[in-house]
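Presented below is the structure to which this report refers.
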Amino acid sequence: MPLPEVSNDHLEVIAESLLRAFSDVRKRSPSTVASGTEAEITALMEARLNTMIEQDPLWGQLVLCVTRGKESLSFDGSHLEKRPDLSIYLSNRNRGFPLIIEAKIVDATTSKTEALYCDKGIRRFVEGDYAWGNREAFMVAYVRDGSSIGTKLTPFLSSAMSETPPGYLIEVLPNAVSAFSTDLAHSRHGRSFVYAGHSSPNLEPGPISVWHLWLSCLEP
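If you count by our numbering, then the sequence shown holds residues 1185 to 1404, one letter each, in order.
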């Protein structure tokens, strides 16, 4: 532990596929995307991502299946019913450790801010509730108020970084993926837990790379 890294090339393909799935969902179910709950949007995303496995050869090669709310354990087994929003089971990877995606609505008018995104999202990766055997995870924002990573998330994490110890154990602020067509960046966060029954530095989890994909709920 932890598992080997997933390559950035594969993570960019996953981000592109998430974007494409969301664009399809937004086109087909605009009212749900505009005013539905996080769970409703994510259920539509799960269905679309699984349909794409049969339709897109590259996605079908990379992904076995996508599940929503799949029960999982925390790093020490103390929480037995953790349910991340989406779990992507990748081909040629350990099926006990899917790629985890947490999704959050971002809409300041309903108090769904970047602080909530970090407290109820990033923190779960830092504390070992989710993706504790992985070196990477995704956060997806369904953005309803025009916010962006650069205007909201990065300043918030920059402020957290000045705390002692740094909030969310932030080590590297969100770094934009410039070649990508939408709001995509990745940050790096330390993890302070150790795997149950182990004290060797070689069996500590090390940092986790969190990929942030912020998707506009507004029709382009």
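Cβ atoms here follow ideal geometry from the backbone N, Cα and C, with glycine treated the same way.
- Minimum Cα-Cα distance from Glu1311 among the listed residues Ile1392, Thr1221, Leu1187, Ala1218 corresponds to Ile1392.
- Sequence-distant partners of Ala1227 (beyond 5 residues in either direction) whose C-beta falls short of 8 Å from its own C-beta, in its chain, are Arg1252.
- Residue burial annotation: Val1356 is exposed, with fewer than 16 other C-beta atoms found within 10 angstroms of its C-beta.
- Look at Cys1249 here: in three-state DSSP terms it is strand.
- Straight-line spacing of the CA atoms in Arg1307 and Tyr1352 works out to 6 Å.
- Annotated as distal: Ser1275 and Leu1233, with beta-carbon spacing of 8 Å or more.
- Under the three-state reduction of DSSP output, Ala1369 falls in the strand class.
- With distances taken between CA atoms, Tyr1301 lies nearest to Leu1397 out of Ser1365, Gly1280, Leu1397, Arg1375.
- Residue pairing by DSSP puts Lys1296 in a beta bridge opposite Asp1291.
- Looking at the backbone, the Cα of Ser1400 and that of Asn1192 are separated by about 23 Å.
- Annotation for Leu1270: the continuous beta strand (DSSP E) segment containing it runs 1270-1274.
- Here the alpha carbon of Ile1285 sits roughly 23 Å from the alpha carbon of Pro1350.
- The beta carbons of Leu1202 and Val1324 sit about 6 Å from each other, so the pair counts as a contact at 8 Å.
- Contact between Tyr1314 and Ala1287 is absent: CB atoms are separated by about 12 Å, not below the 8 Å threshold.
- Sequence-distant partners of Trp1243 (beyond 5 residues in either direction) whose C-beta falls short of 7 Å from its own C-beta, in its chain, are Ser1201, Met1236, Ile1237.
- The criterion of a C-beta distance shorter than 8 Å is not satisfied by Thr1335 and Pro1358.
- By the neighbour-count criterion, in which a residue is buried when 16 or more other Cβ atoms sit within 10 angstroms of its Cβ, Arg1212 is exposed.
- Closest in C-alpha terms to His1370, from the list Arg1328, Trp1316, Cys1249, Ile1333, comes Ile1333.
- Nearest to Leu1270 by C-alpha distance, out of Ile1354, Ile1198, Lys1296, is Ile1198.
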